[in-house]
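Keeping their order, the protein sequence lines are chains A and B. Under the working numbering, think of the first position of the first sequence as 2, with each following residue one higher. Under the working numbering, think of the first position of the second sequence as 296, with each following residue one higher. Report on the following structure.
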Amino acid sequence: MESTMAAIRVVLPYHLRILAKITGEIQLEVQPPVTQHSVLSALEARYPMLRGTVRDHVTHKRRAFIRFYACEQDLSHESPDAPLPEAVATGAEPYLVIGAIAGG
Amino acid sequence: MSSVRVLVGTKKGAFVINGDGARKKWQVSGPHFGGWEIYHLKGSSVDPNRIYASQSSGWFGQVISRSDDGGKTWTTPGSNPEELKTPEGWPKGESNKFVYNTEPPAGKPLTTHQWYDGTQHPWEFKRVWHLEPSLADPDTVYAGVEDAALFRSTDGGKTWQELAGLRGHGTGPKWSPGAGGMGLHTIVFDPTNPKRIYVAISAAGNFRTDDGGATWKAINRGLKSPYLPEMTPEIGFCVHRIAIHPSRPGVLYMQLHQGGGVYRSDNAGDEWHEVNGNLPTDFGFPIDVHAHEPTTIYAVPMDPHLRVPPEGKLRVYRSKAGGNEWEPLTKGLPQENCYINVLRDAMAVDRLDDCGIYFGTTGGQVYCSPDGGNNWSPIVRDLPGVLSVEVQTLA
């Protein structure tokens, strides 16, 4: 049977790559519709040690100094249930999880 | 032959340092969890290969890691995808889930504490300051957290449950943070009584349970603080550290904030008396007890305003009389132009025949004295700022 899962590319910041013991970009199988919520849920299911580090365990609210980018757009303040850009859903562009700069 | 393992938490990762019994040869491993702040890591006295570590980040929050091989490799308990699928189900990734208990009887409703502006503020989890493995079971470990509360795991750090009776203490609404936050930073077990635990909170004070954590008593009588309006309040003290000797668990030593200094209690914290004696200042963070001499204690006085060694001289002070009479220990320590600090969890002792004393500095040095404080030398000099030091004595 043909899979209906979408292959989503995700790039994590350095500290989370260390925590998850991964190198480089990762690819996740995500059940459509492809949203930030579904991508992050797939990320946490495959790498349970990342739970609580990107968004709150209980509320799923984004941590304050985390940002989500894709296709040169800041998606951090978008609804987590809004569809991600087509280029992310097709795997043409990665979904970026960014640790905000500290300033100073 | 015996050896030691020094566990160092720093602002940029953890370091595991293995030393020989003479404490002359050292092998440094790390940084583990590079880039993460390691507030504390500590090994189980039941299974020394079991070590718990608290990783923290302003960006990514709290992570708990565990080693089962003496610090060579680390995992986040219960989060290993390779464990798919266990009898318990899929990995839940809850080893960093610290949720305040809002269930009856002790936790309901979620109470509030005093905020900087005098209003009431809900408890908000920020980080784990201190991990204290059980004296009886390697899978049981306690966590002191900010905002101040005590959590316990009985499954090797996979899940955590709050002992809500502490936060639910009647004085809870009066607890308030200091400039460094409101953290529970000290957990001390009575080795002769598994039901008795001491904790210390900045800036609430000391508390003791005699029923395994269900109910708690504030134990601050006799303490002084010029920063409090009342002469003898029940709570509100900025305790920096408490320590005991296992053979005399009813005798407690404390380093209190400036205006207080070093205190001792001879009755399990019910009454305290000041033992500053000839110390050069009344400020410091750590305090510890010699492994084989229950009345020999160590403190590192700091200038109370600058929080650096007075006169730029790094001096550990030792009292062999449980306080009041102190001698400076300087041999091998910098005696000019030294402006570091030694934080509350950054001092430890080993249990070898000639007791070793260890401390780490905010300048990244870890010093060891293999002879009870008479002579000192650095194990390492240039680590990131040291937040905690623990020592394991290995057979």
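Think of the CB as a built atom: it goes at the ideal place given N, C-alpha and C, for glycine as much as any other residue.
Against chain B, the CB of A:Phe66 has a partner CB under 8 Å away; the residue lies at that interface.
Per the coordinates, the alpha-carbon of B:Gln409 lies some 10 Å from the alpha-carbon of B:Thr466.
B:Val595 is the residue among B:Val644, B:Phe532, B:Val595 whose C-alpha sits nearest the C-alpha of B:Lys608.
Note on geometry: alpha-carbon atoms of B:Lys469 and B:Leu405 lie some 15 Å from one another.
Going by DSSP, A:Glu87 is part of the alpha helix (DSSP H) stretching over 87–90. Per DSSP, A:Val55 lies in no beta strand (DSSP E) segment and is marked neither H nor E.
In the structure shown, B:Ser297 adopts coil according to DSSP, grouped into three states. In the DSSP annotation of this structure, B:Ala690 is not part of any beta strand (DSSP E), being labelled neither H nor E.
Using a CB distance below 9 Å, the part of the stretch 315–348 of chain B facing chain A consists of Phe328, Gly329, Gly330, Trp331, ordered along the chain.
Contact check for B:His585 and B:Cys663: beta-carbon distance about 14 Å, past the 8 Å limit, so the pair fails to qualify.
Just so you know, the alpha carbons of B:Thr454 and B:Ser374 end up roughly 11 Å apart.
Inter-segment contact for the stretch 28–36 of chain A and the stretch 354–367 of chain B is absent: fewer than three beta-carbon pairs are separated by less than 8 Å. A direct Cα-Cα distance of roughly 7 Å separates B:Gly554 from B:Lys519. Near chain B, meaning a CB-to-CB distance below 8 Å, the residues of the stretch 2–20 of chain A are Pro14, Tyr15, His16, Leu17, Ile19, Leu20. Interface with chain B (8 Å Cβ-Cβ cutoff): A:Val59 is included. Taking A:Val12 as the centre and dropping the five residues before and after it, the same chain places the C-beta of Glu26, Pro95, Leu97 closer than 6 Å to its C-beta, in chain order.
Given a length threshold of 4 residues, the stretch 338–398 of chain B has no whole run of the alpha helix (DSSP H) inside it.
For B:Ser352, the neighbours in chain A by C-beta distance under 7 Å run, in chain order, His16. Close to A:Glu45, with beta-carbon spacing below 7 Å, are these residues of chain B in chain order: Gly388. Rounded to whole angstroms, the Cβ separation of A:Ala46 and A:Ile67 is 18 Å, and the two are not in contact under 8 Å. Ranked by how close their Cα comes to the Cα of B:Arg300, the residues B:Val394, B:Gly316, B:Pro599, B:His425 have B:Gly316 in first place. With a beta-carbon spacing of about 6 Å, B:Asn344 and B:Asp364 fall inside the 8 Å limit used to define contacts. Membership of A:Gly25 in any alpha helix (DSSP H) is not indicated, and neither H nor E is assigned to it by DSSP.
Within chain A, not a single residue places a beta-carbon under 9 Å from that of B:Asn396; the smallest gap is close to 13 Å. In the three-state reduction of the DSSP assignment, A:Tyr48 falls in the coil class. Taking a C-beta cut-off of 9 Å against chain A, none of the residues of the stretch 449–464 of chain B qualify. Residue range 459–462 is occupied by the alpha helix (DSSP H) that includes B:Leu461. Counting only the Cα atoms, B:Ile312 lies some 28 Å from B:Asp485.
In the structure shown, the three-state DSSP call for A:Arg18 is helix.
Residue pairing by DSSP places B:Met597 opposite B:Phe578 in a beta bridge. In the three-state scheme derived from DSSP, where H, G and I count as helix and E and B as strand, B:Gly325 is classed as strand.
For B:Ser560 and B:Ile496, the gap between their C-alpha atoms comes out near 17 Å. Here the alpha carbons of B:Asn515 and B:Gly460 stand approximately 18 Å from one another. The shortest CA-to-CA distance from B:Gly564 to any of B:Gly545, B:Gly655, B:Phe580 is the one to B:Gly545. Beta-bridge pairing by DSSP links B:Gln550 to B:Arg536, B:Val557.
Within 9 Å of the CB of B:Val436, no CB atom of chain A is found; the nearest one sits about 18 Å away.
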